[in-house]
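>
Residue numbers (the working numbering), protein chains in the order written: chain A, 1 to 297; chain B, 1001 to 1249; chain C, 2001 to 2341.
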C-alpha cells in the first residue's frame, strides 16, 4: 500500500502535473488555431512559427535587459500587430476566391517557410534557453512541484478563462462569432468584418506567441521549434473538433496528459506516433472531432 | 427467368434528419416500362426519396428493391452498376470538363474494368455511345466545349444524357425541366416520351401539366408521406390531393 | 438558374493555353537536357552535372505531388515521407552491401507500397483539410522517428553509400560518372513522365480528374472514388520512393532532413509554380528551384525566405487552377436538394 502511495507521490503525480502544465500551454496554442480555423476558415500552417516568434522575441527582450514578467506582457502586444498586418495585408487578398481554403493554407505554408528562415537569419541555428525566472520548488500534499510549473499552470489557466470570457461574454466576442457564422449578414449590420477577421487572427497567433514565452524556459528556443510543437496543437484541434472551444481545452489537456503519463512506460520517442495514432483513430470513428462547432456537441 | 414486373419496389421507406421525418413510411412500386411521376408541394420529401433510392443516403428503415434485388443501404456506385441512373435537379455536371468527356466518363461503365488502363480509343463501345448521345441530344456542335460554358437548357439536356450513358434500366429524373423555357420544356417532354420506349422512368416534377401528359402512374407525396397514387386522372380528381395543393402555383 | 461554374471561367482559358504549351515543353526538356549534358561532358564538368541530377531526382518527388494535386485533387503535405522511405531503404541496404542498384530500387518500391496502402487507408477516408493534415502529420512523425532511431543513424543519418554500377544487361552505367548518372536520371524522369502521362489519359486517369472535378457525381456513374484515390496515392508514393532511392546513390548519404516538412513543402511549391496538373511543369519547377537555390545560395544562406516569398506572391497573384482541391461539400446529399422538394 505504501508502495502505491509512494509511486503516486513521487512518480505519477509529478508527471501528471507536468502533463497539466504542458497541457495548458498546448491549449493556448490549440485555442488560437481552433479559433482561426473555426472562425476564419483559415488553416494556419504557420501557427507553430508564431509560437516560436513569441519565444524568440522574448529572447531579444531578455537581451535588452527586460525582465521575464515584462516580457510576458510585451510579447503578445508585439505579436498582435504583426498578426493583424499579415492577415489584413496578405491572407485577406485571397478571401474572394472560391478556393480560398486551399489558398489560405498554401499562403500560410509559404509564410511558415519565410518565418522559419527569418529566425535562422536573425538568431542563428543554435538552441538558446532563457533562465528559469522562478527557480525552486514547493511541496504540495507531499509532491514536490517546481515553482515555475505552478506559475505556468496558473497563468495559462487564467488566460484560457479570460479568452473564454472575451469570446462568449463580450460584445467583441459576439461580433467575432457572428462574423464567423454569416459574414454578409454581419457586415450589413455595420460590423467591420474584415477588421474583425484580422483582429481575430492576431488574437489567435498572440495566444500562440504567449505560450511560446511561457514554454521557452522548459523547451528551449530554436528555429524549428514551431514544427515540433504545432503537431500536438493540430492534433488537439482535430480531436477536440475544429472551432470548438471546449474541444480544444479538453483535447489539449487530455493529449498532454497522455503524453506525460505514457512517457513513464514507453520511450518518449514513441509518444508522437502514439498521439498521432489517437488523432487518426478519432478521425476514423468521429471525423468531426469530439465536439462540434463552438462547443455544441 | 423473366424480369419481375416491378423494376423498383419501395417498402416502408423512412429517414429522419434531426427531428424531422423527411420520408415517413413510403411504399410504392414502379412497373417496368412505365413512366411514373412523384409530385407534391415543396418540402414533401421527393428529392430525399430519390436520394434514398439511389443510395446517396441510407434509410433509417424500410427496403428498396431493384429488379427483385434488395439494394437497401448499397453505396451509390453499386446501385448505379445495378442499372439505376439519376439526373439532378441542380445541374451536377463536370463543369471544367468537356461535354464529350462528361459523356465518356459515364459511358465508361459499359466497358469491362480492364479497359481502364488502355488508351481511351480502345473503349469502342463507350465511344460509340458518346457519339450516339451527342447526336440524340443535339450537342454534337458543343462536344469540345466545357460543360460550364453551355446554356442552361443545354446543361439540362447534358445532365440527362450523362445519366443515360450507362444504359440504365431505370432512370430517375429529378425535375428535368427546372428553370427551362416553355419551348425547352416541350422538347424535354417529347424526349422523355421517346426515352420511355426503351427504359423505365421515375420522375420528380413540379410542372403538373407535364406530369399529367407523360405519366402512366402518379405518386403524390405530402410532408414526407405518400398521400395518394394512381393513374393521372384519378390522382387529379382526388380531393385530398387538391387540398394539399391548395395555394400551390 | 445555375450560372456557369466560376471555377471553370478562371481555369479554362489558362488550361487551354497550357495544353498547347505543355507538349512543346515536354519535348523541349529532354532536348535541352541533352545539350546541357553534352556541354558538361565536353568541359569535364562535375559540380553542375551532379546538381542537375539532384534536380531531376527532386523532380520525381514533385511529379509524385502533382499526380495527387493536379489530377486527383488531393493536396499531400507529406510526400517527403515516401521519398525519405525510399532513400533510407536504399542507403541502408547499399551500406550493408546487401544489394546492388536494382535491388535497392526494388526494395524501396516493395516497402513503399504497403506503407502507402496503410497510410492511404487512413488518410483518404478523410476529407479536405483533414487529408492534408494527416499527410503532414505522417511525415512529421516519421521524421521524428527516424531522427530518434540510432540504427538509422539518428540525427546524422546514414553515410558510406558506395558508388554503384547499374547493370542493364547489354551495358553498364557507372554511377560515379556525373554524365552517366545524369543521363540515367534523365531517362528515368522522362520515362516516368511518359508513363504517367499515358496513365492520366486512360479512363483510369480521366476518372481521377473527374473525381477532382466533381467527386459527388462520380459515384452515380458507377465508380467508387475511394478506390481510385487510394490507387493514385499508392502510385504517387511509389514514384516518390523510386526517386528517393536514387538520392543516396548520388550524394552518398541520407539524413532525416529528407522527411522534413520543408521537403514536402518545396515539392508542392515547385508543382504550383511549375504548373499544376501538367507533370512537365513540376519537372521544370524542380530545376528552377534547384537553380534558384544555387544562385541565391551563393549570396546568402537564407534563400528559403525568398522562395517562400515568391511562392506567396504566386498564390496571391496567380490563384488559378485550384478547382476542387478542398471540396468540403463532397458527398453531401443536401447538394441536390431543391428549394424544399
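Even glycine gets a Cβ: it sits at the ideal position worked out from N, Cα and C.
(1) Please go through the same chain and pick out, in chain order, the residues whose beta-carbon is closer than 7 Å to the beta-carbon of residue 1102 (chain B), but skip the five residues on each side of it.
(2) Please identify the residue among C:2295, C:2220, C:2179 whose C-alpha is closest to the C-alpha of residue 2250 (chain C).
(3) What is the residue span of the beta strand (DSSP E) that residue 1017 (chain B) lies within?
(4) Using the Cα positions of residue 283 (chain A) and residue 2060 (chain C), report the straight-line distance between them to the nearest angstrom.
(5) With which residues is residue 1206 (chain B) paired in a DSSP beta bridge?
(6) For residue 1100 (chain B), which residues from the same chain have a beta carbon less than 8 Å from its beta carbon, with the 5 sequence-adjacent residues on both sides left out?
(7) Where residue 1013 (chain B) and residue 1173 (chain B) are concerned, what is the direct C-alpha to C-alpha distance, given to the nearest angstrom?
(8) Take the Cβ of residue 2102 (chain C) as the centre, count every other Cβ of all protein chains shown within 10 Å, and call the residue buried at 16 or more, exposed below.
(9) Indicate, with yes or no, if the ligand FMN has a heavy atom lying under 8 Å from the CB of residue 2265 (chain C).
(10) Please state whether DSSP places residue 223 (chain A) in a helix, a strand or coil.
(11) Would you verify that the beta carbon of residue 2334 (chain C) is, or is not, closer than 9 Å to some beta carbon of chain A?
(12) Only counting the same chain, and skipping five residues up and downstream in sequence, which positions put a Cβ closer than 8 Å to that of residue 285 (chain A)?
(13) Residue 2308 (chain C) versus chain A: which residues are under 9 Å apart at the beta carbon?
(14) Any idea if residue 2290 (chain C) is buried or exposed, counting beta-carbon neighbours within 10 angstroms, 16 or more meaning buried?
(15) So which residues on chain C does residue 238 (chain A) lean against when the C-beta distance must stay under 8 Å?
(16) Below 8 Å between beta carbons is the criterion; list the residues of the stretch 2185–2214 of chain C that meet it against any residue of chain B, in chain order.
(17) Tell me, to the nearest whole angstrom, how far the beta carbon of residue 1046 (chain B) is from that of residue 1204 (chain B); I am working on the premise that it is less than 8 Å.
(18) What are the uninterrupted segments assigned as beta strand (DSSP E) that are 3 or more residues long and contained completely in the stretch 1009–1085 of chain B, given in chain order?
(19) Which residue's Cα is closest to the Cα of residue 1067 (chain B): B:1029, B:1050, B:1039, B:1038?
(20) Give the residues of chain A in contact with residue 2075 (chain C), contact being defined as C-beta atoms less than 7 Å apart.
(21) Quick check on residue 235 (chain A) - is its C-beta less than 9 Å from some C-beta in chain C?
(22) Could you tell me which of C:2055, C:2046, C:2030 sits nearest to residue 2288 (chain C), measuring between CA atoms?
(23) Could you give the uninterrupted runs of the alpha helix (DSSP H) lying entirely in the stretch 35–70 of chain A, keeping only those of 4 residues or more?
(24) Let me know if residue 138 (chain A) comes out buried or exposed under the rule of 16 or more other beta-carbons within 10 Å of its beta-carbon.
(25) Once the 5 residues before and after residue 1024 (chain B) are set aside, which same chain residues still bring their CB inside 7 Å of it?
(26) Is the Cβ of residue 1249 (chain B) closer than 9 Å to any Cβ of chain C?
(27) Shortest alpha-carbon distance to residue 1193 (chain B) belongs to which of B:1183, B:1181, B:1182, B:1211?
(28) State the Cα-Cα distance for the pair residue 99 (chain A) and residue 2176 (chain C), rounded to the nearest angstrom.
(29) What is the DSSP secondary structure of residue 1178 (chain B), counted as helix, strand or coil?
(30) Does the distance from the C-beta atom of residue 2112 (chain C) to that of residue 2085 (chain C) stay below 9 Å?
(31) Buried or exposed, going by whether 16 or more other CB atoms sit within 10 Å of the CB of residue 116 (chain A)?
(32) How many Å lie between residue 2189 (chain C) and residue 2174 (chain C) at the Cα?
(33) May I ask you to list, following chain order, the residues of the stretch 2218–2247 of chain C that have a beta carbon less than 7 Å from some beta carbon of chain B?
(34) What in chain C is Cβ-close to residue 42 (chain A), meaning under 7 Å?
(35) So with Cβ pairs under 9 Å, would you call residue 2305 (chain C) a contact of chain A?
(36) Does chain C have any CB closer than 9 Å to the CB of residue 57 (chain A)?
Here's the rundown:
(1) Looking up residue 1102 (chain B) in the second chain gives position 102. So the list reads 1093, 1094, 1147, 1158, 1162, once near-sequence residues are dropped.
(2) As a first step, residue 2250 (chain C) is located in the third chain; it is residue number 250 there, counting from the start. Selected option, being the one with the closest Cα: C:2179.
(3) Against the second chain, residue 1017 (chain B) aligns to sequence position 17. Its beta strand (DSSP E) spans residues 1006–1017.
(4) Residue mapping note: residue 283 (chain A) aligns to position 283 of the first chain, counting from 1. Residue mapping note: residue 2060 (chain C) aligns to position 60 of the third chain, counting from 1. Whole-angstrom Cα-Cα distance: 31 Å.
(5) As a working note, residue 1206 (chain B) is residue 206 in the second chain. None; residue 1206 (chain B) has no bridge partner.
(6) Here residue 1100 (chain B) refers to the residue found at position 100 of the second chain. Answer for residue 1100 (chain B): 1130, 1134, 1143, 1144, listed in chain order.
(7) Numbered from its first residue, the second chain carries residue 1013 (chain B) at position 13. Numbered from its first residue, the second chain carries residue 1173 (chain B) at position 173. So the two alpha carbons sit approximately 19 Å from each other.
(8) As a first step, residue 2102 (chain C) is located in the third chain; it is residue number 102 there, counting from the start. Within a 10 Å sphere around the beta-carbon of residue 2102 (chain C) sit fewer than 16 other beta-carbons, which makes this residue exposed.
(9) This structure lacks the ligand FMN; in fact it carries no ligand of any kind.
(10) Position 223 of the first chain holds residue 223 (chain A). Here residue 223 (chain A) sits in coil by DSSP.
(11) One-based indexing of the third chain puts residue 2334 (chain C) at position 334. The predicted model places residue 2334 (chain C) with a pLDDT of 33, which falls under 50 and marks its position as unreliable; any figure quoted below should be read in that light. Answer no: the Cβ-Cβ gap between residue 2334 (chain C) and chain A never drops below 9 Å.
(12) Reading the first chain from its first residue, position 285 is the one you call residue 285 (chain A). Excluding residues within five positions, none has a Cβ falling inside 8 Å.
(13) Residue mapping note: residue 2308 (chain C) aligns to position 308 of the third chain, counting from 1. What residue 2308 (chain C) touches in chain A: 109, 110, 111, 112, 113, 114, 115, 116, 117.
(14) By one-based count along the third chain, residue 2290 (chain C) stands at place 290. So residue 2290 (chain C) ends up on the buried side.
(15) Mapped onto the first chain, residue 238 (chain A) falls at position 238. Within 8 Å Cβ-Cβ: 2130, 2133.
(16) 2198, 2199, 2201, 2202, 2203, 2204, 2206, 2207, 2209, 2210, 2213, 2214
(17) By one-based count along the second chain, residue 1046 (chain B) stands at place 46. By one-based count along the second chain, residue 1204 (chain B) stands at place 204. Here residue 1046 (chain B) really is in contact with residue 1204 (chain B); their C-beta atoms are around 5 Å apart, less than 8 Å.
(18) 1020–1031, 1035–1039, 1061–1066
(19) As a first step, residue 1067 (chain B) is located in the second chain; it is residue number 67 there, counting from the start. Residue nearest to residue 1067 (chain B) within the set B:1029, B:1050, B:1039, B:1038 is B:1029 (criterion: CA-CA distance).
(20) Counting from one through the third chain, the residue named residue 2075 (chain C) turns up at place 75. Within 7 Å Cβ-Cβ: 102.
(21) For this step, residue 235 (chain A) is matched to residue 235 along the first chain. Closer than 9 Å: yes.
(22) Numbered from its first residue, the third chain carries residue 2288 (chain C) at position 288. Nearest C-alpha to residue 2288 (chain C): C:2055.
(23) 47–63
(24) The residue given as residue 138 (chain A) occupies position 138 in the first chain. Residue environment analysis places residue 138 (chain A) among the exposed positions, since fewer than 16 neighbouring C-beta atoms fall within 10 angstroms of its C-beta.
(25) Position 24 of the second chain holds residue 1024 (chain B). Result list for residue 1024 (chain B): 1014, 1224, 1225, in chain order.
(26) Residue mapping note: residue 1249 (chain B) aligns to position 249 of the second chain, counting from 1. Confidence in residue 1249 (chain B) is poor, its pLDDT being 44 and thus under 50, which makes the residue's placement too unreliable to answer from.
(27) What you label residue 1193 (chain B) is simply residue 193 of the second chain in a count that begins at 1. Per the Cα distances, B:1211.
(28) Taking the first chain and counting its residues from 1, the one referred to as residue 99 (chain A) is at position 99. Taking the third chain and counting its residues from 1, the one referred to as residue 2176 (chain C) is at position 176. In a straight line, the C-alpha of residue 99 (chain A) is about 47 Å away from that of residue 2176 (chain C).
(29) Within the second chain, numbered from 1, the residue matching residue 1178 (chain B) stands at position 178. Correct three-state label for residue 1178 (chain B): coil.
(30) Residue numbering aside, residue 2112 (chain C) sits at position 112 when the third chain is read from its first letter. Residue numbering aside, residue 2085 (chain C) sits at position 85 when the third chain is read from its first letter. Going by C-beta atoms, residue 2112 (chain C) is nearer than 9 Å to residue 2085 (chain C).
(31) On the first chain, residue 116 (chain A) is found 116 positions in, with the first residue counted as 1. Result: buried.
(32) As a position in the third chain, residue 2189 (chain C) is number 189, starting the count at 1. As a position in the third chain, residue 2174 (chain C) is number 174, starting the count at 1. Distance between the alpha carbons of residue 2189 (chain C) and residue 2174 (chain C): 18 Å.
(33) 2219, 2220, 2221, 2222, 2223, 2224
(34) Translated into the one-based positions of the first chain, residue 42 (chain A) becomes position 42. Those do not exist, as residue 42 (chain A) stays about 10 Å from chain C at its closest Cβ, beyond 7 Å.
(35) Locating residue 2305 (chain C) in the third chain gives position 305, counting from the first residue. Yes, residue 2305 (chain C) lies at the interface with chain A (some Cβ there is under 9 Å from its Cβ).
(36) Looking up residue 57 (chain A) in the first chain gives position 57. No, residue 57 (chain A) lies away from the interface with chain C (no Cβ there is under 9 Å from its Cβ).
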